[in-house]
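K.L.:
Note that the protein sequences, when read in sequence, are chains G and P.
Every letter in the first sequence is one number past the one before it in numbering that gives the first Met the number 0, and letter 4, counting from 1, is 3.
Every letter in the second sequence is one number past the one before it in numbering that gives the first Met the number 0, and letter 115, counting from 1, is 114.
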Amino acid sequence: MKRWVRACLVLLALGAALPAVTTAQPPSTTAAQDEFVPMSEVPESEKLPAAPLVIGAYAFIWLAALAYLWSIWRRVGAVDREIAQLRRDIARG
Amino acid sequence: MRRLYPVGLAVAAAMFAAAPLLIDRAPTESTMGLVQKIFYFHVPAAMTMFLSTFVSGIASGVFLFRGKQAADRVALAAAELTVVFGAMVLVTGPVWARKAWGVWWQWDARLTSSLLLWMIFVAYLLVRRYGGPGSEKLSAAVSLFGMANVPFVYVSVNVWRTLHPKTSVVPTLSPGMRGTFWFCVAAFLLLYALMMAARLRLGKQQAEVEQLYLELDERGDLPSRAS
Numbered sequence: 000m001k002r003w004v005r006a007c008l009v010l011l012a013l014g015a016a017l018p019a020v021t022t023a024q025p026p027s028t029t030a031a032q033d034e035f036v037p038m039s040e041v042p043e044s045e046k047l048p049a050a051p052l053v054i055g056a057y058a059f060i061w062l063a064a065l066a067y068l069w070s071i072w073r074r075v076g077a078v079d080r081e082i083a084q085l086r087r088d089i090a091r092g
Numbered sequence: 000m001r002r003l004y005p006v007g008l009a010v011a012a013a014m015f016a017a018a019p020l021l022i023d024r025a026p027t028e029s030t031m032g033l034v035q036k037i038f039y040f041h042v043p044a045a046m047t048m049f050l051s052t053f054v055s056g057i058a059s060g061v062f063l064f065r066g067k068q069a070a071d072r073v074a075l076a077a078a079e080l081t082v083v084f085g086a087m088v089l090v091t092g093p094v095w096a097r098k099a100w101g102v103w104w105q106w107d108a109r110l111t112s113s114l115l116l117w118m119i120f121v122a123y124l125l126v127r128r129y130g131g132p133g134s135e136k137l138s139a140a141v142s143l144f145g146m147a148n149v150p151f152v153y154v155s156v157n158v159w160r161t162l163h164p165k166t167s168v169v170p171t172l173s174p175g176m177r178g179t180f181w182f183c184v185a186a187f188l189l190l191y192a193l194m195m196a197a198r199l200r201l202g203k204q205q206a207e208v209e210q211l212y213l214e215l216d217e218r219g220d221l222p223s224r225a226s
């Protein structure tokens, strides 16, 4: 497609979007704009749920224990291989 | 002993799997509600961390004053486990605090001193890893210093004003909570014993590697060291 045709199409598209941009209303909000008013009691929907925290804390215990055991297993394997190699070297010598 | 290890591991896994059922059945605390149940693994982890600190400190003392290499291996193993169980304490505690106190962290006496104790043993591991020759003795001194801190960490909640529950909480547990708590303590201690046994085996093998390298060196056949 010719360059000037493409440029005209882009300008047309921008021109069509312009009224939507200029007349757009800001989103409605319930957030306090002029002053903050305290409430006496927090509604249930706003309270932090305890169950995910308890489960998450327990899951971390499992993860930490398994991660450490895995690291021990990996290190033992590496040292075992090194010992076998060294014993072979000694036997050869 | 080796044959008992998988059995011990299975028992520990079963205890940790059963613990949530017992924790669920235990009575709910009146002021904190459900989140208080983190107590059943936060406190046993802390008790295990303190135990490990003492093991490391005492073994370090034996190494420093008697020169026993086996004691140094025990001290290193226990220091690693202090860091692991300390991490459990320092993660589960703030998770509990977020709901109970409304904040993740408070710079009060108990929390700050626990964090410092954990950092002392992280320092122990860093000294061992990067300290070069002679780092065993330096780290042993660090471990002794860490062990000396434990009584201060323990009594900090009673001496200073703090949000953290006092030490009187455990002796005054209701019967419904007591059984679950001590079951969890037993599970953590068993896990600690198993981890310690595994880590000590690694330490013993590393000592054997050193011995084999010395043997090869005496012969003049020293190969390049595996990293």
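Where is the CB? At the ideal position from N, CA and C, for every residue including glycine.
1. For a minimum of 4 consecutive residues, which ranges assigned as the alpha helix (DSSP H) are wholly contained in the region 100-145 of chain P?
2. Spatial neighbours of P/Arg-128 within its chain, please: C-beta separation below 7 Å, excluding the five flanking residues on both sides.
3. Relative to the C-alpha of G/Asp-79, which candidate in P/Leu-221, P/Ala-18, P/Glu-209 has its C-alpha closest?
4. What three-state label does DSSP hand P/Gly-32 in the structure shown?
5. Helix, strand or coil: which one does DSSP assign to P/Phe-180?
6. Going by Cα to Cα distance, which pick from P/Ala-206, P/Tyr-191, P/Glu-207 is closest to P/Thr-52?
7. Mind reading off the beta-carbon distance from P/Leu-89 to P/Leu-114? Whole number of angstroms is fine, and I expect it under 8 Å.
8. Kindly indicate the opening and closing residues of the alpha helix (DSSP H) around G/Trp-61.
9. When you compare only the Cα positions, how much space is there between P/Leu-143 and P/Met-118?
10. Reducing DSSP to helix, strand and coil, say where P/Trp-159 ends up.
11. Compute the beta-carbon to beta-carbon distance between P/Ala-25 and P/Thr-91, rounded to the nearest angstrom, for a pair I have assumed lies under 8 Å.
12. Mind listing which residues of the region 41-67 of chain G have their C-beta closer than 8 Å to chain P's C-betas, in chain order?
13. Give a yes or no on whether 8 Å exceeds the smallest Cβ distance from P/Tyr-4 to chain G.
14. Using a Cβ cut-off of 7 Å, which residues of the region 16-32 of chain P contact any Cβ in chain G, in chain order?
15. Between the C-alpha atoms of P/Thr-179 and P/Ala-11, what's the straight-line distance to the nearest angstrom?
16. If we cut at 8 Å on Cβ distances, does P/Phe-40 have a partner in chain G?
17. Please go through the same chain and pick out, in chain order, the residues whose beta-carbon is closer than 6 Å to the beta-carbon of P/Ala-108, but skip the five residues on each side of it.
P.N.:
With the structure as the only source:
1. 108-129
2. none
3. P/Glu-209
4. strand
5. helix
6. P/Tyr-191
7. The beta-carbon distance between P/Leu-89 and P/Leu-114, rounded to whole angstroms, is 6 Å. This is short enough to meet the 8 Å contact definition.
8. G/Trp-61 -> alpha helix (DSSP H) spans 50-91.
9. 14 Å
10. coil
11. Wrong, their Cβ atoms sit about 16 Å apart, outside the cutoff.
12. Leu-47, Ala-49, Ala-50, Leu-52, Val-53, Gly-55, Ala-56, Tyr-57, Phe-59, Ile-60, Trp-61, Ala-63, Ala-64, Tyr-67
13. Interface criterion not met: the Cβ of P/Tyr-4 is under 8 Å from no Cβ in chain G.
14. For the region 16-32 of chain P, residues whose beta-carbon sits nearer than 7 Å to a beta-carbon of chain G comprise Pro-19, Gly-32.
15. 15 Å
16. True, the Cβ-Cβ gap to chain G drops below 8 Å.
17. Ser-155, Trp-159, Thr-161
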